[in-house]
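See below for the structure under consideration.
Residue numbers (our numbering): 924 to 1453.
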């Protein structure tokens, strides 16, 4: 098979896998009320159809990425997408909500296998300097799925019932999964296990692959426990507030995180290579993704209540007000690949985070007299900033990783993109709760749902509602805090490289990466010519 056809098939598979996961999350959020009525389920049970998926997928992403590094991303991708489709079909046939919850947890496991592989395959297929546009196309497709999801999900749930929502992705998952199993694409030769993970002259994260190294199961367990405690705590805070249980969950997450880092520094075959844990570039990119996704989905959570409760818009009208966000995500992703090549990831990401911050600040100034143009402008800035950040920060993470660590890099990126929205919704709900009771004397918003592990949404509790003035007042201060969170991401962008290849130049005769050394003054050209 030619190299060009190989890359195209890999890109199609990567985009399809990412879109299936994104579409599953958005359409589920729309279908949940119908599913609750049809299955005679409680609100808590319906929440667990999202929470169970989120906990499963977030806790296993990094380990799934390492499995791809060890056994091949195409094989792990095939298992993940076929399992995702099979569990979707099972959910569509489920007889009660208990089966739905259990199958959603299983779907989260397969989703964890699927998501890092979509990035790992791209890293293993495309040269470093050609990764920008494939990542941009993948991000545009995710944005398009996010825009189409509520419309498609609403139409299916209204005319065919909630089960049709889950049958939606069965056919594409089956087709792409079978292709991944039957079409044998060439893969790079694995790096020997005894090769050094880094050298004095190498890039900080371009260590050798670990395809032949043993799997770090203790590290995987510690990281999974850390993320389970963290995600469960973040999900519980909007529902119960700070209680002994949520505090204990936060403490447990911190303790196991410390134990994980200590274990990774001592083990011979770490789950996350030390070069990644100690890379300021990778950690900065992860911080940017975490803060950007938290700020965006926290603002979207607050904005949804503002549109439907304060302005009294129906779900369709609210979706049209938010549509500029999805449109700009689709348009800004390919543009960001061009900007990154021209201006570098540091400047591009800082500018994008500024746009994201300005969008949140603009939304914080809205009140009952807000016009569609003002609302649309705020969401337009959010989409332009976030779409660009997703491409540039992801490109930095994937570019910095060697082929042997591409799965782990993809797992870390996906973990940040799953935890960020959960963090943002938790922060927004907590701040709304803390700032409004004195104005209204009640706590109206007590729950938050997280569709598909990558989306944040809200659900009204049964308590009294704030007045419009009280909510607008609380919304302003909450969005200001989220804008500060976005500004943290802008500061983290300072640590990104000016150019992805600024510090490396390859010697074509030896295939070794060297740092570019300045030429001594007063030297003749012939003296330093090789």
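Here a beta-carbon is modelled for each residue, glycine too, at the ideal position from N, C-alpha and C.
Could you name the residues of the same chain whose beta carbon sits closer than 6 Å to that of residue i, not counting the 5 residues immediately before and after it, in chain order?
{"i": "residue 986", "result": "1143"}
{"i": "residue 1129", "result": "Any answer about residue 1129 is weak, because its pLDDT of 36 lies below 50 and its placement is not dependable; what the coordinates show is given next. Excluding positions up to five away in sequence, the list reads 1325."}
{"i": "residue 1473", "result": "This structure cannot speak to residue 1473, because the chain is shown only from 924 to 1453."}
{"i": "residue 1333", "result": "988, 1039, 1042, 1043"}
{"i": "residue 964", "result": "1020"}
{"i": "residue 1208", "result": "1316, 1319, 1320"}
{"i": "residue 1026", "result": "1010, 1013, 1014"}
{"i": "residue 938", "result": "1061, 1064"}
{"i": "residue 1045", "result": "937, 1057"}
{"i": "residue 1072", "result": "946, 949, 950"}
{"i": "residue 1488", "result": "Since the first and last residues shown for the chain are 924 and 1453, residue 1488 lies out of range."}
{"i": "residue 957", "result": "1080, 1085"}
{"i": "residue 1104", "result": "1001"}
Can you tell me which of the three DSSP states residue i falls into?
{"i": "residue 1124", "result": "Bear in mind that the predicted position of residue 1124 carries a pLDDT of just 35, short of 50, making it unreliable; the figure below should be weighed with that in mind. In the structure shown, residue 1124 sits in coil (DSSP, three-state: anything other than H, G, I, E or B)."}
{"i": "residue 982", "result": "helix"}
{"i": "residue 964", "result": "coil"}
{"i": "residue 928", "result": "helix"}
{"i": "residue 1201", "result": "coil"}
{"i": "residue 1449", "result": "Low confidence applies here, because residue 1449 scores a pLDDT of 42, under 50, leaving its location unreliable; read the following figure in that light. DSSP places residue 1449 in helix when its eight states are reduced to three."}
{"i": "residue 1328", "result": "helix"}
{"i": "residue 1085", "result": "coil"}
{"i": "residue 1164", "result": "coil"}
{"i": "residue 1421", "result": "coil"}
{"i": "residue 1293", "result": "coil"}
{"i": "residue 1431", "result": "The pLDDT assigned to residue 1431 is 39, lower than 50, so where the model puts this residue is not dependable, and the model offers no usable value."}
{"i": "residue 1237", "result": "coil"}
{"i": "residue 936", "result": "helix"}
{"i": "residue 1153", "result": "helix"}
{"i": "residue 943", "result": "helix"}
{"i": "residue 1137", "result": "coil"}
{"i": "residue 1286", "result": "helix"}
{"i": "residue 951", "result": "helix"}
{"i": "residue 990", "result": "helix"}
{"i": "residue 977", "result": "helix"}
From this set, the options, which residue's C-alpha is nearest residue i's C-alpha?
{"i": "residue 1396", "options": "1288, 1341, 1407", "result": "1288"}
{"i": "residue 1232", "options": "1033, 981, 1391", "result": "1391"}
{"i": "residue 1156", "options": "1348, 938, 1406", "result": "1348"}
{"i": "residue 1096", "options": "1000, 1060, 1291", "result": "1000"}
{"i": "residue 1206", "options": "1419, 1017, 1080", "result": "1419"}
{"i": "residue 1271", "options": "1211, 1225, 955", "result": "1211"}
{"i": "residue 1050", "options": "1329, 1351, 1415", "result": "1329"}
{"i": "residue 1030", "options": "979, 1061, 1053", "result": "979"}
{"i": "residue 1346", "options": "935, 1260, 1153, 1071", "result": "1153"}
{"i": "residue 1169", "options": "1180, 1412, 1151", "result": "1151"}
{"i": "residue 1054", "options": "934, 1295, 1225", "result": "934"}
{"i": "residue 1036", "options": "970, 1404, 997, 960", "result": "997"}
{"i": "residue 1456", "options": "966, 961, 991, 969", "result": "In this structure the chain extends from 924 to 1453, so residue 1456 is not present and cannot be described."}
{"i": "residue 1137", "options": "1192, 1175, 1094, 1158", "result": "1192"}
{"i": "residue 1311", "options": "1066, 955, 942", "result": "1066"}
{"i": "residue 946", "options": "1093, 1268, 981, 1052", "result": "1093"}
{"i": "residue 1357", "options": "1167, 1173, 1404", "result": "1404"}
{"i": "residue 927", "options": "1284, 1250, 1048", "result": "1048"}
{"i": "residue 1341", "options": "977, 968, 1264", "result": "977"}
{"i": "residue 1189", "options": "1139, 1177, 1237, 1176", "result": "1139"}
{"i": "residue 1236", "options": "1355, 1294, 1252", "result": "1294"}
{"i": "residue 944", "options": "1240, 973, 966", "result": "973"}
{"i": "residue 1087", "options": "1179, 1400, 954, 1268", "result": "954"}
{"i": "residue 1400", "options": "1178, 1167, 1290", "result": "1290"}
{"i": "residue 1185", "options": "1165, 1158, 1145", "result": "1145"}
{"i": "residue 1406", "options": "1285, 1171, 1203, 1194", "result": "1285"}
Assuming residue i is part of the alpha helix (DSSP H), what are its boundary residues?
{"i": "residue 1000", "result": "996-1015"}
{"i": "residue 1392", "result": "1391-1415"}
{"i": "residue 1232", "result": "No alpha helix (DSSP H) holds residue 1232; DSSP gives it neither H nor E."}
{"i": "residue 1039", "result": "1020-1048"}
{"i": "residue 1102", "result": "1093-1105"}
What residues in its chain sit with their C-beta under 8 Å from that of residue i, if we drop five residues either side in the sequence?
{"i": "residue 1378", "result": "Residue placement at residue 1378 is poorly supported in this model, since its pLDDT is 41, which falls under 50; the coordinates are not used for a value here."}
{"i": "residue 1408", "result": "1214, 1217, 1218, 1221, 1347, 1350"}
{"i": "residue 1160", "result": "1169, 1349, 1352, 1353"}
Return the chain-ordered list of same chain residues with a C-beta closer than 7 Å to the C-beta of residue i, the five sequence neighbours on each side being excluded.
{"i": "residue 1033", "result": "1003, 1006, 1007, 1010"}
{"i": "residue 1336", "result": "1042, 1212, 1317, 1320"}
{"i": "residue 1413", "result": "1273, 1276, 1277, 1280"}
{"i": "residue 982", "result": "1147, 1150, 1151"}
{"i": "residue 1308", "result": "1275, 1276, 1278, 1279, 1282"}
So is residue i in contact with chain C if we call contact Cβ pairs under 9 Å?
{"i": "residue 1357", "result": "The displayed structure is made up of one protein chain only, and chain C is not part of it."}
Length at least 4, wholly inside the segment 1164-1195: the alpha helix (DSSP H) runs in chain order: Runs of the alpha helix (DSSP H) inside the segment 1164-1195: 1167-1189.
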